[in-house]
Amino acid sequence: MSDTAKKRIEELTERINRHDYEYHVLDNPTISDIEYDRLVQELVELERKYPEHAREDSPTRRIGGEVLEGFAKIEHTVPMLSLANAFDADELRAFDQRLKKLADDFSYVVEPKIDGLAASLLYEEGEFVRAATRGNGTVGEDVTHNVRTIKSVPLKLREPVTIEVRGEIFMPKAAFLSLNETRKRQDKELFKNPRNAAAGSIRQLDSRIAAQRSLDMFVYGLAERDEEAQIPQSEVLKRLQELGFKVNDRIMRARDIDEAIRLCEKFESLRTDLPYDIDGVVVKVDERPLYKTIGYTAKSPRWAIAYKFQAEETMTRIENIRLQVGRTGQVTPVAHLAPVEIAGSTVARATLHNEEYIKGKDIRIGDFVTIRKAGDIIPEVVAVIEEKRSGDEVRFRMQSTCPECATPLQKSDTEAETFCPNPECPSKRVQGFIHFASRDAMDIEGLGVRIIEHFHNEGFIRSIPDIYRLHRHKEELVGLARFGKKSVEKLLANIEASKERSLEKLLFGLGIRHVGKKTAESLAKRFPSIEQLRGADYDDILAVTDVGEKIAASIKAYFEDENNLKMLEELGSLGVNMHHKDDSGTGGHLEGLTFVLTGSLSAMSRQEAQKRIKARGGDVTSSVSKNTDYVCVGENPGSKLEKARSLGVTIIDEKRLLDLLGDTEE
Ligand code: IVH
Numbered sequence: 026m027s028d029t030a031k032k033r034i035e036e037l038t039e040r041i042n043r044h045d046y047e048y049h050v051l052d053n054p055t056i057s058d059i060e061y062d063r064l065v066q067e068l069v070e071l072e073r074k075y076p077e078h079a080r081e082d083s084p085t086r087r088i089g090g091e092v093l094e095g096f097a098k099i100e101h102t103v104p105m106l107s108l109a110n111a112f113d114a115d116e117l118r119a120f121d122q123r124l125k126k127l128a129d130d131f132s133y134v135v136e137p138k139i140d141g142l143a144a145s146l147l148y149e150e151g152e153f154v155r156a157a158t159r160g161n162g163t164v165g166e167d168v169t170h171n172v173r174t175i176k177s178v179p180l181k182l183r184e185p186v187t188i189e190v191r192g193e194i195f196m197p198k199a200a201f202l203s204l205n206e207t208r209k210r211q212d213k214e215l216f217k218n219p220r221n222a223a224a225g226s227i228r229q230l231d232s233r234i235a236a237q238r239s240l241d242m243f244v245y246g247l248a249e250r251d252e253e254a255q256i257p258q259s260e261v262l263k264r265l266q267e268l269g270f271k272v273n274d275r276i277m278r279a280r281d282i283d284e285a286i287r288l289c290e291k292f293e294s295l296r297t298d299l300p301y302d303i304d305g306v307v308v309k310v311d312e313r314p315l316y317k318t319i320g321y322t323a324k325s326p327r328w329a330i331a332y333k334f335q336a337e338e339t340m341t342r343i344e345n346i347r348l349q350v351g352r353t354g355q356v357t358p359v360a361h362l363a364p365v366e367i368a369g370s371t372v373a374r375a376t377l378h379n380e381e382y383i384k385g386k387d388i389r390i391g392d393f394v395t396i397r398k399a400g401d402i403i404p405e406v407v408a409v410i411e412e413k414r415s416g417d418e419v420r421f422r423m424q425s426t427c428p429e430c431a432t433p434l435q436k437s438d439t440e441a442e443t444f445c446p447n448p449e450c451p452s453k454r455v456q457g458f459i460h461f462a463s464r465d466a467m468d469i470e471g472l473g474v475r476i477i478e479h480f481h482n483e484g485f486i487r488s489i490p491d492i493y494r495l496h497r498h499k500e501e502l503v504g505l506a507r508f509g510k511k512s513v514e515k516l517l518a519n520i521e522a523s524k525e526r527s528l529e530k531l532l533f534g535l536g537i538r539h540v541g542k543k544t545a546e547s548l549a550k551r552f553p554s555i556e557q558l559r560g561a562d563y564d565d566i567l568a569v570t571d572v573g574e575k576i577a578a579s580i581k582a583y584f585e586d587e588n589n590l591k592m593l594e595e596l597g598s599l600g601v602n603m604h605h606k607d608d609s610g611t612g613g614h615l616e617g618l619t620f621v622l623t624g625s626l627s628a629m630s631r632q633e634a635q636k637r638i639k640a641r642g643g644d645v646t647s648s649v650s651k652n653t654d655y656v657c658v659g660e661n662p663g664s665k666l667e668k669a670r671s672l673g674v675t676i677i678d679e680k681r682l683l684d685l686l687g688d689t690e691e
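Now the structure itself:
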């Protein structure tokens, strides 16, 4: 019986996989939905009875069910780079000219630039093994459990090859619209655009969610070192298609740049008719063997460029103009618009920069205007449609006092900008907290704009150090609207973890005027602690790369302010790292080792253990994968122990962990 079952399981697996391929990749189904469902049902039942015969590539594995506690990190074998942009035909011609100096005899491949998120998929001997997001380009997140649910991603290739492929995961426009409709009915927050919806789905720990989201994926290339590149890109695409991947069928070859430009323009006019969002066109040199000689800039290949479409424009009405006070006190007039859809999201605000800008364009309250998303991100007003004026429009007059704290406003030296000089201005402070917690600064996940405003209004965050005292109000926070115990605990854990951020992130997060991300990095390299930067004199600071007089003066002024010094002292005593960590590889004796902790430990908390491992250069992740070196098991371990066993990862107890840590105290 078991033998016949095994055979039938095999047969069904192959049949359903073929139907999935026909439906999701070829867009050409050959059976009815009812017949298909019947096959799946039969397979599910057989696999339940004979789990030992269920195959790795079984379509039932796409249903989802695996729930992770966190994402494991995956280091990319070949970095995932980004692309340089071209905004018009001239910039494409300039790209071609640059290439002609580096190589002769080449042609192009022109591919739609799918607006989703990049992923890298590894197959070993034809079997799908794992998928990672782009992350920071060097290290991404393991999202295998979710990518497995994407029906157009083959679980088994047509040939038993070991190969890593790259592509874009996206949500088709129709799926996005129907998802949002459902969410609206359920009173859930809507996704801004298909890209956010796709990214939000892939970043779920519970794979059942991704399984329901109708995600799709186009594969567009290989993760291969240039030395190994033998066949042209157009051949790679053909080969990927033969192996069973979904490759975009609108990709074209172009003999020269003029032909490539024509294709770019064609894509631009086709854009709205496509069933998925594209935000441009990628023009790549077809001859991959030339990639090595053509080379790279720091961030992107020289052999490809992204032609970005003209920003979409649309018309709306300015209902009001209000002042917004930023982190530095700069006061910006903002147009409040009648909400409109533009480039996939709803826009209700547009920056008007300053008073001069409003006067220059003669923008009035009540005006109809065209707006556009600059670089498709920040909306701005392009022009007033004067024909539509009724005469009831009202000219904007700059207030003379701060809308938040009523302090008289001041003009900058150039008179173009207006500032609120009050250091206690609540709006400035809140913006400062938002900046501090933001991704490029202390990167406190979950502490976003709304939560910060809420906590500020409730009196929990009045200063930056208050963020690190939030845990003292845990019970009260749990009581706040929309906030469960679990989410408070998660937020507090994220806050705690942020204490270990690097010195440059802290320096950037402090919001010292004119100190951007780059400058913060240079400062942290030159002055390995906050203390040393504070003690540095003007000339020492000025000698740092990218630091000019304005920045040096601003830094000096920052450290001369008593309030700032007091705040830094508080942050230090709350345990926030204030030292530069050298990441050149001498991080400690656990460097390069990855640990997973499960169950409760007796000599220390898991958090404490994590801190000690990290202090010795090791890494702690929350889920077990092949890349885990040790799983440390305490009392009442969870499913991670089983996972470790099944993957053959070394399992250690607490005593062994203490040995590994060594007895040297931090
Ligand atoms: S090639 C070395 N081809 O655009 C860069 N990228 O800035 C290799 N994208 O996040 C990328 N469609 O995910 C390439 N046909 C296509 C693409 C594409 C979308 C995305 C990619 C990346 C971004 C590049």
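FYI, the numbering for the sequence shown is 26 to 691, going by our numbering. All residues carry an ideal CB built from backbone N, CA and C; glycine is no exception.
Reduced DSSP category for His-361 - H, G, I as helix; E, B as strand; rest coil: The answer is strand: DSSP assigns His-361 an E or B state.
Cβ-Cβ distance between Lys-668 and Val-649 below 8 Å: Closer than 8 Å, so yes.
Start-to-end residues for the beta strand (DSSP E) that takes in Leu-622: Per DSSP, the unbroken beta strand (DSSP E) holding Leu-622 starts and ends at 619 to 623.
Alpha-carbon to alpha-carbon, Gly-642 and Lys-98: The straight-line gap from Cα to Cα measures roughly 16 Å.
Given Ser-239 as reference, the closest of Asp-283, Arg-313, Asn-171 once Cα atoms are compared: Looking at the Cα atoms, Asn-171 is the closest of the given residues.
Among His-539, Leu-532, Arg-538, Gly-541, nearest to Ala-549 - alpha-carbon criterion: Looking at His-539, Leu-532, Arg-538, Gly-541, the one whose alpha-carbon comes closest to that of Ala-549 is Leu-532.
Leu-230 and Leu-142 closer than 8 Å at C-beta: The answer is no: Cβ separation not under 8 Å.
Contact set for Thr-443: own chain, Cβ-Cβ below 8 Å, skip 5 residues either direction: Cβ-Cβ distances below 8 Å link Thr-443 to Gln-355, Val-356, Asn-379, Glu-380, Met-423, Leu-434, Gln-435, Lys-436, Ser-437 in the same chain, with the five nearest sequence neighbours on each side left out; the list follows chain order.
Cβ pair Val-308, Ile-330 closer than 8 Å: Cβ distance < 8 Å, so Val-308 and Ile-330 count as in contact.
Proximity test, Ala-143 beta-carbon vs ligand 1 heavy atom, cut-off 7 Å: Result yes, Cβ under 7 Å from ligand 1.
Span separating the alpha-carbon of Leu-362 from that of Asn-345: If you take the alpha carbons of Leu-362 and Asn-345, they lie about 7 Å apart.
Outcome for Leu-528 when other beta-carbon atoms lying within 10 angstroms are tallied against a minimum of 16: Around the C-beta of Leu-528, 16 or more other C-beta atoms lie within 10 Å, and the residue is accordingly described as buried.
Three-state secondary structure (DSSP) of Glu-119: In the sequence as displayed, the identity of residue 119 is Ala instead of Glu. Helix at Ala-119.
Close beta carbons around Leu-117, own chain, < 8 Å, minus the five adjacent residues each side: Closer than 8 Å at Cβ, skipping near neighbours: Ala-111, Ile-282, Ala-285, Ile-286, Cys-289, Val-308, Ile-330, Tyr-332.
Any heavy atom of ligand 2 within less than 5 Å of residue CB: hits in chain order: Absence of ligand 2 is noted for the structure shown, with ligand 1 being the only ligands found.
Helix, strand or coil at Thr-611 according to DSSP, with G and I counted as helix: Here Thr-611 scores only 48 on pLDDT, less than 50, and its place in the model is too uncertain to base an answer on.
Reference Leu-204, options Pro-219, Arg-250, Glu-193, Ile-188, closest by Cα: Nearest Cα to Leu-204 within the set Pro-219, Arg-250, Glu-193, Ile-188: Pro-219.
C-alpha gap between Arg-342 and Arg-464, whole angstroms: Each residue's Cα considered, the two are about 33 Å apart.
CA-to-CA distance, Thr-646 to Ala-640, given in whole angstroms: Using only the alpha carbons, I get a separation of about 15 Å.
Contiguous alpha helix (DSSP H) assignments of at least 4 residues, all confined to the segment 316 to 342: Listed in chain order, the alpha helix (DSSP H) elements of length 4 or more contained wholly in the segment 316 to 342 are 316 to 319.
Spatially closest choice to Leu-10 from Ile-319, Arg-497, Arg-278, by CA coordinates: Coverage of the chain is limited to positions 26 through 691, which leaves residue 10 absent and any answer about it impossible.
Cβ separation of Met-644 and Thr-619, assumed to be a contact under 8 Å, to the nearest whole Å: Note that residue 644 corresponds to Asp in the displayed sequence, not to Met. Taking 8 Å as the upper bound for CB-CB distance, Asp-644 and Thr-619 are in contact here, some 5 Å apart.
DSSP-derived helix/strand/coil call for Ala-114: In the structure shown, Ala-114 falls within a helical segment according to DSSP collapsed to helix, strand and coil.
Gly-673 versus Gln-122 - alpha carbon distance: Using only the alpha carbons, I get a separation of about 54 Å.
Identified DSSP bridge partners for Tyr-493: Looking at the DSSP output, Tyr-493 sits in no beta bridge, so it has no partner there.
Residues near Pro-84 in its chain [Cβ-Cβ closer than 8 Å; skip 5 each side]: These residues qualify, in order along the chain: Thr-38, Ile-41, Asn-42, Asp-45, Val-65, Leu-68, Leu-180.
Through-space distance from Gln-255 to Leu-268, alpha-carbon basis: For Leu-268 and Gln-255, the distance between alpha carbons rounds to 18 Å.
Which of helix, strand or coil DSSP assigns to Leu-147: Of the three classes helix, strand and coil, the one that applies to Leu-147 here is strand, per DSSP.
Meets three-Cβ-pair contact criterion under 8 Å: the segment 546 to 561 and the segment 622 to 630: When Cβ pairs closer than 8 Å are counted between the two stretches, the segment 546 to 561 is seen not to touch the segment 622 to 630, the count staying below three.
Thr-318 beta carbon less than 8 Å from that of Ala-109: Cβ distance not < 8 Å, so Ala-109 and Thr-318 don't count as in contact.
Alpha helix (DSSP H) segment containing Ala-578, residue limits: That run of the alpha helix (DSSP H) goes 574 to 585.
Cβ-Cβ distance between Leu-247 and Arg-210 below 8 Å: Here Leu-247 is not near Arg-210, since their CB atoms are 8 Å or more apart.
As assigned by DSSP and simplified to three states, the class of Asn-652: Look at Asn-652 here: in three-state DSSP terms it is coil, with no helix or strand label.
Sequence-distant residues of its chain with Cβ nearer than 7 Å to Glu-91 (five each side left out): Contacts found: His-170, Ser-232.
Rounded straight-line distance, which links the Cα of Pro-451 to that of Ala-431: Distance between the alpha carbons of Ala-431 and Pro-451: 11 Å.
Identified DSSP bridge partners for Ala-408: Residue pairing by DSSP places Ala-408 opposite Thr-395 in a beta bridge.
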